[in-house]
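Enquirer:
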Amino acid sequence: MSFLPYNNPPVDLGNDTVNCSGQGGWHPDTGALDANDSDKQVQLAIENVDVVLKAAGLRGWDDVYLLRSYHCDIRTSWAPTAEALKRRIPGHRPVWTAVAVPHLAFPGMLIELKVEAKRQE
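Each residue of the sequence shown is one higher than the one before, counting from 1393 in my numbering.
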């Protein structure tokens, strides 16, 4: 995202495949996180992935084939993540690994989504 000048969110791996750096539930312009609202962070993380993929010329979540989600409290954030993805991409199920972690890169960060996507014809 624009507030991380040292980070390149999408990397084109060739063969119409893009690797997207981990996206958190931060505001896309300011980087602000609401540490008290995991549902909001889930929604923003999903939106941030979509923005990065579309900027790379993909359709967004419809082109995702691999998802890794990292959760500080998987008991409270996994189900909302699954439900949000069902709404966002009904009928499309990427390979998904969910991992519980003690903390993430930034204070207050509760979830991170890391995806790989391939442009569909």
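From the three backbone atoms N, C-alpha and C, an ideal C-beta is built for every residue, glycine too.
Taking the runs of the alpha helix (DSSP H) that are 4 residues or longer, which of them lie wholly in the segment 1430-1469?
Expert: Those alpha helix (DSSP H) runs which fall completely within the segment 1430-1469 and span 4+ residues are 1430-1447.
Enquirer: Locate the beta strand (DSSP E) running through residue 1505, then write down its first and last residues.
Expert: Against the sequence shown, residue 1505 aligns to sequence position 113. First-last of the beta strand (DSSP E) with residue 1505: 1503-1510.
Enquirer: Among 1434, 1433, 1426, 1450, which one has its Cα closest to the Cα of residue 1412?
Expert: Counting from one through the sequence shown, the residue named residue 1412 turns up at place 20. Of the candidates 1434, 1433, 1426, 1450, the one whose C-alpha sits nearest the C-alpha of residue 1412 is 1450.
Enquirer: Give the range of the beta strand (DSSP E) segment to which residue 1488 is assigned.
Expert: Looking up residue 1488 in the sequence shown gives position 96. Note, residue 1488: beta strand (DSSP E), 1487-1492.
Enquirer: Please state whether DSSP places residue 1409 in a helix, a strand or coil.
Expert: As a first step, residue 1409 is located in the sequence shown; it is residue number 17 there, counting from the start. Of the three classes helix, strand and coil, the one that applies to residue 1409 here is strand, per DSSP.
Enquirer: My guess is that residue 1501 and residue 1436 are in contact by the Cβ rule of under 8 Å, so how many angstroms apart are they, rounded?
Expert: Residue 1501 sits at position 109 when you count from the first residue of the sequence shown. Residue 1436 sits at position 44 when you count from the first residue of the sequence shown. Not quite, the Cβ-Cβ distance comes to about 11 Å (not below 8 Å), so this is no contact.
Enquirer: Which class does residue 1402 belong to by DSSP, given the choice of helix, strand or coil?
Expert: Along the sequence shown, read from residue 1 onward, the residue named residue 1402 stands at position 10. In this structure, residue 1402 counts as strand in the three-state DSSP scheme.
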